[in-house]
Each structure stands twice: as structure tokens, then as C-alpha cells.
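Colleague: A single structure is presented below for examination.
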Amino acid sequence: MSKIKVSELFYSIQGEGRYMGVPSIFLRTYGCNFTCQGFGMPRGELSTEAEAVAVNVEKYKNYKDLPLVSTGCDSYASWHPSFKHLSPMLETDSLAQSIVDLLPQKTWKDEHLVITGGEPLLGWQRAYPDLISHPLMRGLKEITFETNGTMRLTKVFKDFLNAWQQPPLGMPKTHEVTFSVSAKLPCSGEPWDDSIKPEVVVDYETVGTVYLKFVIATEQDFADAECAIAAYRKAGFKGHVYLMPVGGVESVYALNNRKVADLAMKNGLRYSDRLQVPLFKNEWGT
Ligand code: SF4
């Protein structure tokens with residue numbers, strides 16, 4: 402049986418992208434290949450908020466106790482080594498049971514599963530087939546991987562996901578996999594060549610529906626997004642593109658959301674809100 406290091410498991414409403422408003426189980430895996438310390442900072446400067454929280458790490462017994470940060474990665478505890486102890490390694494059997502226990506009717510209705518992170522397509526690709534094919538997951542029909550779009554899918558995992566979506570002969574398709582690719586622009590603090598990987602994202606389109614989601618605040622961020630979109634299109638990317646405002650806390654989100662919505666309208670792109678901020682104040686577990 403496989404194991405996954407789980408940072409958070411909760412039930413909420415998807416606040417972003419294609420499935421905005423859909424009741425969803427969120428499985429947040431531990432580990433990321435980035436740190437995104439540039440979010441919310443003046444260009445070229447890096448946030449130290451996660452480090453400041455880590456100084457008092459012994460105060461925090463679980464995710465609900467952790468403070469929110471207004472700069473850097475808002476899910477810092479899902480990759481920062483100081484918070485590793487808050488993320489248990491769970492067997493897929495018990496994880497499937499915990500997931501079903503979170504469903505309001507204890508059985509799948511119209512809920513979808515969001516596998517997020519951290520970066521969920523790191524090593525855990527090898528464990529997902531055990532989880533997704535578990536008997537308790539039989540009613541699940543839609544899965545989104547929220548990824549930074551830099552990790553290649555293994556052949557084994559691609560074959561599994563394609564088979565999972567394949568309907569019985571003569572029947573309509575009922576199962577769907579989506580990749581919500583939040584490609585990191587320079588405002589994240591990550592180097593372009595490490596974060597913009599068009600050939601990786603185009604390959605996701607051989608498995609499921611893929612869309613790009615750029616987190617932006619300024620005109621400069623939008624100019625960066627345009628360069629990135631051109632690179633993805635050149636590589637053959639066919640999916641939709643969303644613009645989403647920077648803002649893991651309400652004050653920052655409120656500064657950016659209208660401006661980013663206007664930019665999306667002006668440029669014929671889709672706007673993604675982050676409903677978890679106005680609805681739930683983006684608290685851990687929402
Ligand atoms: S890729 Fe996502 S989870 Fe990883 S550091 Fe950046 S914002 Fe955080």
C-alpha cells in the first residue's frame with residue numbers, strides 16, 4: 402500500500418479557476434520545488450514571513466494554529482522544512498476513509514477532489530493510483546491537480562489517468578482530470594527558466610483538461626504573463642488562460658481584484674477570483 406505525506410485534508414468550496422463554487426475535498430500534499438518568496442514584495446525582494454513564523458514553530462500543534470502571511474507563499478507550511486512534523490505520512494487506505502468521512506453524505510455526490518500542495522506532482526504521482534482506485538473513491542468523477550506546471554508526469558501515472566477517464570464501450574464520458582497550472586511569474590521570486598516550462602504543460606494536455614492561471618498584481622506582472630502565454634502557445638498549448646489577483650489575505654486581495662478583473666476583460670482572458678479569501682478569510686483548512 403502507498404503512503405502520502407499529507408499537509409491538510411479538508412472539505413470546502415473551490416474558490417479558484419474552472420471549478421469555482423464546486424464543493425470539493427482538498428488534499429494538500431507536503432513538499433514543493435519552489436518557495437515563491439516574492440509574492441506581495443517589491444520586485445527583487447524576498448519575503449521572510451515564513452521564516453519569522455518558523456522561529457516559534459514549537460507553538461504550533463496543527464495547521465489551524467498557524468498564522469496567515471501576507472507576503473510569500475500562503476501555504477508555506479506545506480513545504481517549509483520547519484513545519485514538516487505537522488504533515489503525517491498516511492496510507493492510502495486510511496486517507497480514502499478520511500476523505501469519505503469528510504463528505505457531508507458520507508458518499509460521493511457532486512463533490513470533486515482537488516489535489517494541491519505544495520507541488521502535488523512531485524514524488525506522490527506513484528501513490529495516487531492506489532488512492533484514486535480505492536473502492537471508497539468509486540463515486541468520484543472529477544479531479545483537479547493544482548500544480549506549478551514544472552513536474553513531468555510519469556508514463557505509469559499518465560496511463561493510469563487515461564484509463565480512469567475511459568468510459569465503458571458505448572457509454573458517455575463521466576470522469577475527468579483537470580490540471581490547474583499556476584505558472585510562476587517573476588513576481589513569485591522564482592527564476593523564469595525554472596518556472597515556465599511550456600513543454601511540460603503541453604504534455605498534460607495528453608491526459609486531461611489544462612488551464613493556466615497567472616497570479617498577478619501589477620501591469621508589469623501582466624506583461625510577464627503575456628510573455629509566458631506566448632511561450633506556452635508557441636509550444637502548442639490549447640487551453641484557457643485565467644488571471645487571478647495576488648492576495649492571500651483580504652487587505653491585499655481587495656487591492657488587486659478589481660484591477661486584475663479589468664485587465665482580464667480588456668485582454669479577452671478569464672478572471673479567476675479566490676473566493677476562499679472573502680468567504681473564509683483564506684484560513685488554513687478552507
Ligand atoms: S509553487 Fe505554490 S506551494 Fe510551492 S512555494 Fe510557490 S505558491 Fe507555494
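Using this note's numbering, you'd call the opening residue of the sequence shown number 402 and step up by one each time.
Ideal Cβ positions, reconstructed from N, Cα and C, are used throughout, including at glycine.
Curious, which full-length beta strand (DSSP E) runs of at least 3 residues does the region 458-502 contain?
Modeller: Fully enclosed beta strand (DSSP E) runs of 3 or longer: 490-492.
Colleague: Would you check if there are 3 or more beta carbon pairs closer than 8 Å linking the region 634-644 to the region 458-475?
Modeller: As far as the Cβ criterion goes, the region 634-644 does not touch the region 458-475, which means the pair count is below three.
Colleague: With hydrogens ignored, establish whether the beta-carbon of Trp509 is closer than 7 Å to any heavy atom of the ligand SF4.
Modeller: No, the beta carbon of Trp509 sits no closer than 7 Å to any heavy atom of the ligand SF4.
Colleague: On a Cα-Cα basis, can you pick out the residue from Gln526, Ala665, Gly422 that is closest to Tyr431?
Modeller: Considering only alpha carbons, the answer is Gln526.
Colleague: Leu613 and Tyr643: beta carbons closer than 8 Å?
Modeller: Yes; because the gap between Cβ atoms is below 8 Å, this pair is in contact.
Colleague: Where does Pro646 fall in DSSP's three states?
Modeller: Correct three-state label for Pro646: strand.
Colleague: Taking the continuous beta strand (DSSP E) assigned at Lys559, which residues delimit it?
Modeller: Run containing Lys559: none in the beta strand (DSSP E); it sits in the alpha helix (DSSP H), 556-566.
Colleague: If you compare alpha carbons, which of Ala478, Ala584, Thr619, Gln566 is closest to Tyr633?
Modeller: Cα-wise, what sits closest to Tyr633 is Ala584.
Colleague: Is Ser448 near the ligand SF4, going by C-beta to nearest heavy atom under 7 Å?
Modeller: Outside the cutoff, so no.
Colleague: If you count every other CB in all the chains shown that lies within 10 Å of the CB of Asp531, and 16 or more means buried, which is it?
Modeller: With 16 or more other Cβ atoms within 10 Å, it is buried.
Colleague: With hydrogens ignored, establish whether the beta-carbon of Asn658 is closer than 7 Å to any heavy atom of the ligand SAM.
Modeller: Only the ligand SF4 can be found as ligands here, which leaves the ligand SAM out of the picture.
Colleague: Relative to the alpha-carbon of Leu537, which residue among Asp502, Pro646, Asn563 has its alpha-carbon at the smallest distance?
Modeller: Checked all of Asp502, Pro646, Asn563; the closest Cα to Leu537 is Asp502.
Colleague: Give every residue of the same chain whose Cβ lies closer than 6 Å to the Cβ of Cys588, excluding the five residues on either side of it in the sequence, and list them in chain order.
Modeller: Cβ neighbours of Cys588 beyond the five flanking positions: Gly439, Asp622.
Colleague: Using the beta-carbon count (16 or more within 10 Å), is Met645 buried or exposed?
Modeller: With 16 or more Cβ atoms within 10 Å of its Cβ, Met645 is classed as buried.
Colleague: Taking its Cβ as the centre, do 16 or more other Cβ atoms sit within 10 Å of Leu562, making it buried, or is it exposed?
Modeller: Buried.
Colleague: Can you name the start and end residues of the alpha helix (DSSP H) that Val661 belongs to?
Modeller: Unbroken alpha helix (DSSP H) run through Val661: 651-667.
Colleague: Nearest by alpha-carbon distance to Ala655: which of Val678, Gly519, Gly418 is it?
Modeller: Measuring from the Cα of Ala655, the nearest candidate turns out to be Val678.
Colleague: Of all the options Ala618, Leu467, Pro443, which has the alpha carbon lying nearest to the alpha carbon of Leu453?
Modeller: Checking the displayed sequence, the identity of residue 453 turns out to be Ala instead of Leu. Nearest option by C-alpha distance: Leu467.
Colleague: Please identify the residue among Thr449, Ser408, Asn683 whose C-alpha is closest to the C-alpha of Gly473.
Modeller: Selected option, being the one with the closest Cα: Thr449.
Colleague: Closer than 7 Å: is that where the CB of Trp372 sits relative to any heavy atom of the ligand SF4?
Modeller: Residue 372 lies beyond the residue range present for the chain, which begins at 402 and ends at 687; the question has no answer from this structure.
Colleague: Give the DSSP bridge partners of Ile544, in chain order.
Modeller: Looking at the DSSP assignment, Ile544 forms a beta bridge with Leu514, Val578.
Colleague: Between which two residues does the alpha helix (DSSP H) containing Pro424 stretch?
Modeller: Per DSSP, Pro424 belongs to no alpha helix (DSSP H); it is in the beta strand (DSSP E), 424-430.
Colleague: Is Arg527 helix, strand or coil when you go by DSSP?
Modeller: In this structure, Arg527 counts as helix in the three-state DSSP scheme.
Colleague: Quick one: grab the DSSP three-state call for Ile597.
Modeller: DSSP places Ile597 in coil when its eight states are reduced to three.
Colleague: Quick one: is the Cβ of Ser623 within less than 7 Å of any heavy atom of the ligand SF4?
Modeller: The identity of residue 623 in the sequence shown is Phe, whereas the question assumes Ser. Phe623 Cβ: outside cutoff for every heavy atom of the ligand SF4.
Colleague: Closer than 8 Å by C-beta to Gly609: which residues in its own chain qualify, once you throw out the five before and the five after it? Chain order, please.
Modeller: Hits under 8 Å: Leu562, Gln566, Glu577, Val578, Thr579, Phe580.
Colleague: I'd like to confirm something about Lys683: is its beta-carbon nearer than 7 Å to some heavy atom of the ligand SF4, or not?
Modeller: Note that residue 683 corresponds to Asn in the displayed sequence, not to Lys. Not so, every heavy atom of the ligand SF4 lies at least 7 Å from the Cβ.
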